[in-house]
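A.B. asks:
The structure is reproduced here in structure tokens:
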């Protein structure tokens, strides 16, 4: 918050609490949703369809939050789409994968909610007009359960488009450039409304008995990341610029308890000098990883945290993803990296080495050695379990990569009804939260495909719970 | 008790301000066009000699016509010419914070602006007459007045709905703009009007009338070369002596 806002807000609050705004502009709603990513829009649609008045407040000039950048998919167990493909999955299996993936640090009752409701969340999205009919697999899953649009569209792009269109069709009140500066409380400690800063920098207030925090994580707030994890200082972020964690401050000001804040996920392959994430599928489809000496240094298919740690040990704390025309052809997304001018190329390993300032002889040897392992289906150096393609089809290409801050597992503590918990562990009346702003669903590590799943499932619950609370506690 | 003190201070502040306004009016002979223009200040060659002593008489020709730039819109000609030479609003307007804003010598009250809103309007007018930003491009090159973009809603809502609708009305939708932009792109695959952020986003995400414009893409795609009109950060100083 700017100093000026604080002073102004302070004066207004000192005068008469939220009513000080009545002279200029005071609005009322049943439910206020802070944030317009997957969780916020899901909660808002749920409330709106129950014929209650809901206002979505998004501080950025565009809606969609970090959800719109999600490229993987949505994990769900026991869905109609899995059944069609003969995939045998269960709530128990999804729970086990998620709990284990998070190193047993997550709140088991929240993991249970995630797994148990995932299939109905897929149905909910389908009813909204989304296509989640394709099923693939991401790291840490025992079976194929990552749902995504057929035809290769990125999941977040698709879902946000569907949600925006649903909001437009319904005539919902979704406001961009609207930053919540404070959540007001009643003398009894319950939610009573919010102060909003509008596009001109002016303040107005909305009175409401419930607020749903769906304001996302704080991966784009590198100062805050470094506060919890000093070793990540100087990293860049893969997130949209609004993922600064303001919602955590709003909640903390209200007395909410924060959990697992130091649990921050690093993604190993962010394109160096940019914010662009290079999808894991590039390695999955055959790319190798070399350092500045032109040498491999790890099993490229290891977990995100291990790969990040290995890259950080290399000279310059970065590395190079190397692939050939065969691998390029195998994955549509790679073409995008060429469009974004992130790729350097050479006709031979020596020429490629020149492009990245590596030793040409070393890189040629690395290619030869890897291709031998690939043919024998056994990586004697690093034990890479899967080598689907050799590196032999020129031209050859590299993308320089370094680890980037990707996801914050911690956040406000919630119960299974998405009620925000105070320091004493008791639910704060009228305050709900869903999505990345919450902590406890993923534990120490989030599996790919579980974030979208969380936003939809917990967004639906938060919408329903806030609605119920608002009906019982309407002050007007 | 606190509240009473704050209110008393507020009223004192209002008096101080209006006293200041009155003092200023006395010095600058506000509202009297003849004083300045008879003393040699230029008007367009085709402009008849200023006879009236009051701004009210100018308004007979320079009538405000919402959203139109013809034939003699108050905003486009009269306002811009004066704001361009950095004259303050109170040269022609009577202003009392929070209660009164009017044309000097005219009975009607145009509205109640608090000090902050007054400053906002002043800056908006200044940037429309004299800035490297889009408001000035629309004003100076196209002779457009405020209403052309803002219609009858001077204070935009959070989504800047009206302004964005007007952008599309004149410039076309994203499909049209994407094809226009494509011809100018170094890399045809990177088109700001056809991006992964979707067709629903507002024009004002990147294009701003009263402050610098910045492509939203650059928040993440820091390596893009993406020129945009109105990108200069600073408000240009008014040209001296003109």
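Protein chains in written order, with the working numbering: chain A, 11 to 486; chain B, 1095 to 1336.
All C-beta atoms, glycine included, are put in the ideal place defined by N, C-alpha and C.
Within this structure, are the beta carbons of residue 84(A) and residue 367(A) separated by less than 8 Å?
C.D. replies: No, Cβ-Cβ distance for residue 84(A) and residue 367(A) is not below 8 Å.
A.B. asks: Checking contacts by CB at 8 Å: is residue 233(A) closer than that to chain B?
C.D. replies: Chain B contact via Cβ: absent.
A.B. asks: Could you check where the alpha helix (DSSP H) with residue 1128(B) kicks off and where it finishes?
C.D. replies: Start and end: 1127-1131.
A.B. asks: Between which two residues does the alpha helix (DSSP H) harbouring residue 336(A) extend?
C.D. replies: Run containing residue 336(A): 335-340, per the alpha helix (DSSP H) assignment.
A.B. asks: Less than 8 Å between the C-beta atoms of residue 424(A) and residue 393(A), yes or no?
C.D. replies: Taking 8 Å as the Cβ cut-off, residue 424(A) and residue 393(A) do not qualify as a contacting pair.
A.B. asks: With a threshold of 7 Å (Cβ to nearest heavy atom), would residue 177(A) be considered close to the ligand SAM?
C.D. replies: The ligand content of the structure shown is nil, which means the ligand SAM is not present either.
A.B. asks: Give a yes or no on whether the C-beta atoms belonging to residue 230(A) and residue 236(A) are separated by under 8 Å.
C.D. replies: Cβ distance not < 8 Å, so residue 230(A) and residue 236(A) don't count as in contact.
A.B. asks: From the DSSP output, which residues share a beta bridge with residue 158(A)?
C.D. replies: 144(A).
A.B. asks: What number of angstroms, rounded off, separates the C-alpha of residue 386(A) from the C-alpha of residue 465(A)?
C.D. replies: Approximately 43 Å between the Cα atoms of the pair.
A.B. asks: Which residue marks the beginning of the alpha helix (DSSP H) containing residue 1268(B), and which one marks its end?
C.D. replies: Residues 1268-1276.
A.B. asks: DSSP state of residue 1046(B), grouped into three classes?
C.D. replies: Since the first and last residues shown for chain B are 1095 and 1336, residue 1046(B) lies out of range.
A.B. asks: Which chain A residues sit within Cβ distance under 9 Å of residue 1316(B)?
C.D. replies: By Cβ distance, chain A contributes 283, 284, 285.
A.B. asks: How many angstroms separate the CA atom of residue 196(A) from the CA atom of residue 332(A)?
C.D. replies: For residue 196(A) and residue 332(A), the distance between alpha carbons rounds to 59 Å.
A.B. asks: For residue 488(A) and residue 216(A), what's the separation of their Cα atoms in angstroms?
C.D. replies: Residue 488(A) is absent from the model: chain A starts at 11 and stops at 486.
A.B. asks: Which residue comes first and which comes last in the alpha helix (DSSP H) that contains residue 274(A)?
C.D. replies: Premise fails: residue 274(A) lies in the beta strand (DSSP E), 274-281, not in any alpha helix (DSSP H).
A.B. asks: Going by DSSP in three states, residue 308(A) sits in which element: helix, strand or coil?
C.D. replies: Residue 308(A) falls in the coil class under three-state DSSP.
A.B. asks: According to DSSP, is residue 484(A) helix, strand or coil?
C.D. replies: Here residue 484(A) sits in coil by DSSP.
A.B. asks: Can you list, in chain order, the residues of the segment 248-261 of chain A whose Cβ is nearer than 8 Å to any Cβ on chain B?
C.D. replies: The segment 248-261 of chain A vs chain B, Cβ under 8 Å: 250, 251.
A.B. asks: Whole angstroms is fine: what's the gap from residue 1238(B)'s alpha carbon to residue 46(A)'s?
C.D. replies: Distance between the alpha carbons of residue 1238(B) and residue 46(A): 35 Å.
A.B. asks: Among the residues of its own chain, which have a CB less than 6 Å from the CB of residue 427(A), if the five just before and after it don't count?
C.D. replies: Closer than 6 Å at Cβ, skipping near neighbours: 475.
A.B. asks: Determine the chain C residues that contact residue 170(A) at a beta-carbon separation under 8 Å, and present them in chain order.
C.D. replies: The chain inventory of the structure shown lacks chain C, comprising the protein chains A and B.
A.B. asks: Taking the beta carbon of residue 347(A) as the centre, do at least 16 other beta carbons fall within 10 Å, making it buried, or is it exposed?
C.D. replies: Residue 347(A) comes out buried.
A.B. asks: Could you give the residue range of the alpha helix (DSSP H) that holds residue 401(A)?
C.D. replies: That residue, residue 401(A), is in no alpha helix (DSSP H); it is neither H nor E in DSSP.
A.B. asks: Taking any Cβ of chain A, which residues in the segment 1272-1302 of chain B have a Cβ under 8 Å from it, in chain order?
C.D. replies: Answer set for the segment 1272-1302 of chain B: 1281, 1283, 1284, 1290, 1291, 1292, 1294, 1295, 1296, 1298, 1299.
A.B. asks: With residue 1292(B) and residue 171(A) assumed to form a contact (beta carbons below 8 Å), what rounded beta-carbon distance in angstroms separates them?
C.D. replies: So it is a contact: roughly 6 Å between Cβ atoms.
A.B. asks: With distances taken from CA atoms, which of 224(A), 219(A), 185(A), 226(A) is nearest residue 206(A)?
C.D. replies: Ranking the options by Cα distance to residue 206(A), first place goes to 185(A).
A.B. asks: Going by beta-carbon coordinates alone, are residue 329(A) and residue 462(A) separated by less than 8 Å?
C.D. replies: No, Cβ-Cβ distance for residue 329(A) and residue 462(A) is not below 8 Å.
A.B. asks: Would you say residue 1323(B) reaches chain A, if we count a Cβ-Cβ gap shorter than 8 Å as a contact?
C.D. replies: No, its Cβ sits nowhere closer than 8 Å to a Cβ of chain A.
A.B. asks: Using the Cβ count rule (16 or more neighbours within 10 Å means buried), how would you classify residue 1165(B)?
C.D. replies: Low per-residue confidence applies at residue 1165(B): pLDDT is 49, beneath 50, and the placement is therefore not dependable, though the value from the model is reported in the following sentence. Residue 1165(B) comes out exposed.
A.B. asks: Contact defined as beta carbons within less than 8 Å: I believe residue 359(A) pairs with residue 307(A). What is the distance between those atoms, to the nearest angstrom?
C.D. replies: Not a contact, Cβ separation roughly 17 Å.
A.B. asks: Under a Cβ-count criterion, where at least 16 other Cβ atoms within 10 Å of its own Cβ denotes burial, should residue 1155(B) be classed as buried or exposed?
C.D. replies: So residue 1155(B) ends up on the exposed side.
A.B. asks: Identify the contact partners of residue 1250(B) in chain A, using a Cβ-Cβ distance below 7 Å as the criterion.
C.D. replies: The answer, in chain order, is 209.
A.B. asks: Could you tell me the distance, in whole angstroms, from the CA atom of residue 467(A) to the CA atom of residue 132(A)?
C.D. replies: When rounded, the distance between both Cα atoms is 9 Å.
A.B. asks: Which partner residues of residue 131(A) appear in the DSSP bridge assignment?
C.D. replies: Note: residue 131(A) sits in no beta bridge, so no partner.
A.B. asks: Assuming contact is defined by CB atoms lying nearer than 8 Å, are residue 383(A) and residue 440(A) in contact in what I supplied?
C.D. replies: Taking 8 Å as the Cβ cut-off, residue 383(A) and residue 440(A) do not qualify as a contacting pair.
A.B. asks: Please classify residue 471(A) as buried or exposed, where buried requires at least 16 other C-beta atoms within 10 Å of its C-beta.
C.D. replies: Label assigned to residue 471(A): buried.
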